[in-house]
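Counting in the numbering used here, the sequence shown runs from 1 upward without gaps. Since the structure comes first, as structure tokens, the remarks are kept for the end.
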Amino acid sequence: MAEYKAPLREMNFLLHEVFEADKLWARLPALAETADRETADAILEEMAKLAANTLDPINRSGDEEGCHWNDGVVTTPKGFPEAYTTYCEGGWGALVGNPEFGGMGMPKMLGAQVEEMLCSANISFALYPVLTNGACLALDAHGSEELKQKYLPNMYAGTWAGAMDLTEPHAGTDLGMIRTKAEPQDDGSYRITGSKIFITGGDHDLSENIIHLVLAKLPDAPKGPKGISLFLVPKILVNEDGSLGERNAVTCGSIEHKMGIKASATCAMNYDGAKGWLVGELNKGLAAMFTMMNYERLGVGIQGLGASERSYQSAIEYARERVQSRSPSGARQPEKSADPIIVHPDVRRMLLTQKAYIGGARALSTYVARWLDLAKFSEGEEKQQAEAMVALLTPVAKAFFTDKGLDCTVLGQQVFGGHGYIREWGQEQLVRDVRITQIYEGTNGIQALDLIGRKTVANGGAYFELFAADVQAFINANAENEALAEFILPLATELQRLKNVTAAVIEATKEDPNAPGAASVEYLHLFGFVAYAYMWAKVASVAAGRDDDFYRSQMKTARFYYARLLPQAMALATSVEAGSATLMDLEEELF
């Protein structure tokens with residue numbers, strides 16, 4: 001398998017040329033003195049080294065060894081503790097953290113590129129610090145000053161890790177059904193009792209302590225989601241002076257044996273009267289959790305992007321070296337017995353499809369991260385618009401990136417033929433690892449329901465109109481640009497198609513309660529294809545007319561996307577417009 005090399009040129013192109021991130025950072029007071037182009041480039045270069053030299057080499061061995069559970073203690077694979085120490089010593093856990101508590105305060109636009117490198121090199125490893133970042137985000141946004149002072153510095157430093165404990169055996173998506181109890185104590189703490197499953201990083205040997213953020217209900221809490229509260233429950237209790245004290249009543253009952261991400265500990269956690277502290281307000285735990293959900297959902301989408309990039313790098317190297325048959329247009333290497341398989345149209349189709357989806361996802365992840373930064377660091381109307389755009393776009397990023405992530409890793413595997421199915425080349429691991437990204441952090445079906453239901457139908461398309469207006473502004477600004485006509489005209493057509501379908505679903509819902517659910521997945525994919533078209537048009541607006549191999553590659557990939565992939569939008573729109581009748585007509589006993 002090819003050695004991983006971070007796509008720094010592509011990342012710098014998006015940050016600095018397409019989205020002009022340094023101009024945005026310069027006008028936001030919280031970032032003006034922190035983030036600039038020189039700093040961003042240095043950070044990306046250092047992460048590229050860490051990903052290639054430290055994390056990528058233990059990816060396969062970590063998958064083969066997996067995590068081990070013994071009497072409640074979880075051990076990570078060989079090399080993981082040392083790699084985690086190196087990661088922490090580099091200060092990476094503090095990158096986007098609050099400077100008041102030891103964070104660097106860097107923007108998410110930069111953090112998204114760093115996460116991609118982590119996930120390309122080693123998804124299993126990446127999950128440990130990424131989950132800690134999510135826990136820090138929720139704690140920083142909703143925790144008391146005392147809790148933040150006590151826990152955030154060590155969590156940013158990586159000395160203590162974080163875990164998000166939501167799911168229970170009987171309550172997956174429907175968190176309102178959780179049974180974990182929280183009983184108030186005289187000292188202001190709570191006694192936490194219950195069980196959680198599928199907890200990523202619930203226990204491991206990488207850090208001195210693990211800080212769990214646990215959803216639970218008080219005995220007299222309202223029923224359903226409105227009765228959920230969020231609690232901080234440390235694995236090891238922390239003394240008043242900040243030192244570690246007694247072990248809390250938190251134990252790992254087992255770890256899951258999984259299809260992929262085998263070096264990431266997925267734990268069943270038991271709370272037997274554990275001591276915890278309230279984060280935020282009583283009965284408003286879901287609101288606190290959703291603070292980090294937008295970041296985490298983009299993060300899971302980036303896992304799909306990272307796996308796609310890793311698969312593509314190996315596939316392109318193999319396609320250049322593997323010789324089989326002759327080019328249809330005549331021998332390219334007559335001195336050899338055959339030509340490299342990259343000359344064959346179908347192999348080129350697979351590679352270009354990967355390249356086009358990866359480029360679209362990387363651009364859209366940067367675009368979504370930009371809105372996250374505006375939601376966090378701007379004010380007034382701009383902040384409100386950004387929050388709405390984030391709400392709309394994060395389910396698209398999570399689901400579309402990961403659906404296409406599986407497609408891309410399968411294509412990369414297919415380029416290898418039989419060699420892609422065996423262990424030696426590493427492509428089969430990527431297929432297994434990326435599969436979970438379509439499931440956790442809310443299945444992609446749930447993301448689609450969220451997009452069409454809460455984020456579109458519920459507000460009469462108001463959030464969607466913000467996105468449509470942004471795309472339309474780009475179209476209007478380039479209407480007279482002949483160099484972009486091949487992109488602008490089709491983009492305008494597909495935007496109008498998406499507008500029409502959106503309006504049709506909103507209207508259908510007035511008479512048919514099944515309309516949003518029936519449309520949801522195809523609608524999200526339609527949205528994703530149009531969003532990628534917008535991204536490729538923005539890329540082309542910078543690359544057009546520039547006589548350089550990198551820019552010519554961008555232009556030719558954009559053309560491939562528009563010619564060979566974007567036409568799928570028409571079929572998706574037709575499926576959405578078919579309505580719910582054929583889905584709901586078949587009686588249950590006839591399935």
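Backbone N, C-alpha and C define an ideal beta-carbon position, used for all residues, glycine too.
For A462, I'd like the list of residues in its chain whose CB is within less than 8 Å of its CB, leaving aside the five on either flank, ordered along the chain. If we look at A462 and ignore the five residues flanking it on each side, its Cβ neighbours are A388.
Buried or exposed: which applies to R435, given that a residue is buried once 16 or more other Cβ atoms fall within 10 Å of its Cβ? buried
Per DSSP, cross-strand counterpart(s) of Y271: G194, V250
Given a threshold of 16 other Cβ atoms within 10 Å of its Cβ, counted over all protein chains shown, does V73 qualify as buried or as exposed? By the C-beta density criterion, V73 is exposed, having fewer than 16 other C-beta atoms within 10 angstroms.
Starting from G162, follow the alpha helix (DSSP H) in both directions and report where the run begins and ends. Where G162 is concerned, there is no enclosing alpha helix (DSSP H), although the beta strand (DSSP E) it sits in stretches over 160 to 165.
Relative to the C-alpha of R362, which residue among E335, G306, D346, V96 is closest? G306
Note the first and the last residue of the continuous alpha helix (DSSP H) segment covering E45. 37 to 50
Sort T456, T167, S541 by Cα distance to A479 and report the nearest one. S541
Which listed residue (Q429, T456, K538) has its alpha carbon closest to that of N481: Of the listed residues, the one whose Cα sits closest to N481 is K538.
In angstroms, rounded to a whole number, what distance separates the CA positions of G301 and C136? Roughly 20 Å separates the two Cα atoms.
Less than 8 Å between the CB of M164 and some heavy atom of the ligand PLP, yes or no? With respect to small molecules bound, the structure shown includes none, and the ligand PLP cannot be examined in it.
Is it a yes or a no for the segment 445 to 460 touching the segment 503 to 510, going by three-plus beta-carbon pairs under 8 Å? yes
If I measure Cβ to Cβ from F125 and keep anything under 6 Å in the same chain, skipping five residues before and after, which residues do I get? Closer than 6 Å at the Cβ level, and outside the excluded window around F125, lie L55.
Is V539 helix, strand or coil by DSSP? Secondary structure at V539: helix, using DSSP grouped into helix, strand and coil.
For L566 versus E486, is the C-beta distance shorter than 9 Å? no
Using three-state DSSP, classify G176 as helix, strand or coil. DSSP places G176 in helix when its eight states are reduced to three.
Can you check which of these residues, N239, R349, F416, is closest to E321 by C-alpha distance? Checked all of N239, R349, F416; the closest Cα to E321 is F416.
Between the Cα of M106 and those of P29, K404, T76, spot the shortest distance and give me the residue it belongs to. The shortest Cα separation from M106 among P29, K404, T76 belongs to P29.
Can you tell which of V233, L590, F290 has its C-alpha closest to the C-alpha of M269? V233
Cβ of L512 within 9 Å of Cβ of G579? The displayed chain sequence assigns Asp, not Leu, to residue 512. Closer than 9 Å, so yes.
Enumerate in chain order the residues of its own chain whose CB-to-CB distance from M11 is below 7 Å, with the five nearest sequence positions on each side excluded. L44, Q113, listed in sequence order.
For H16, does the three-state DSSP call read helix, strand or coil? It is helical.
For the segment 378 to 447, list the alpha helix (DSSP H) runs that are entirely contained and at least 4 residues long, ordered along the chain. 380 to 415, 427 to 435
What does the alpha-carbon distance come out to for the pair L374 and L430? 33 Å
Segment contact, 8 Å Cβ cut-off, at least three pairs: the segment 282 to 298 with the segment 86 to 95: no
So what does N70 bridge to, in DSSP terms? V73
How far does the beta strand (DSSP E) with H344 in it extend, from its first residue to its last? Here H344 belongs to no beta strand (DSSP E), and DSSP marks it neither H nor E.
Whole angstroms is fine: what's the gap from V410's alpha carbon to D174's? The alpha-carbon of V410 is positioned some 31 Å away from that of D174.
Spatial distance of A315 from P334 (CA atoms): 23 Å
Is the number of C-beta pairs between the segment 77 to 84 and the segment 199 to 210 that are closer than 8 Å three or more? The segment 77 to 84 vs the segment 199 to 210: in contact.
What is the residue span of the beta strand (DSSP E) that L232 lies within? It spans 229 to 234 - the beta strand (DSSP E) in which L232 sits, taken as one unbroken run.
Can you tell which of N514, A533, A515, G442 has its C-alpha closest to the C-alpha of L498? A533
Secondary structure of N53, DSSP reduced to three states: Of the three classes helix, strand and coil, the one that applies to N53 here is helix, per DSSP.
So, at 8 Å on beta carbons, what are the nonlocal neighbours of P153 in its own chain, with the 5 sequence-adjacent residues on each side left out? F101, G102
Hey, how far is the Cα of E288 from the Cα of L230? Note on residue identity: the sequence assigns Ala, not Glu, to residue 288. Approximately 7 Å between the Cα atoms of the pair.
From which residue to which residue does the beta strand (DSSP E) around H170 run? Unbroken run through H170: none, as it is neither H nor E.
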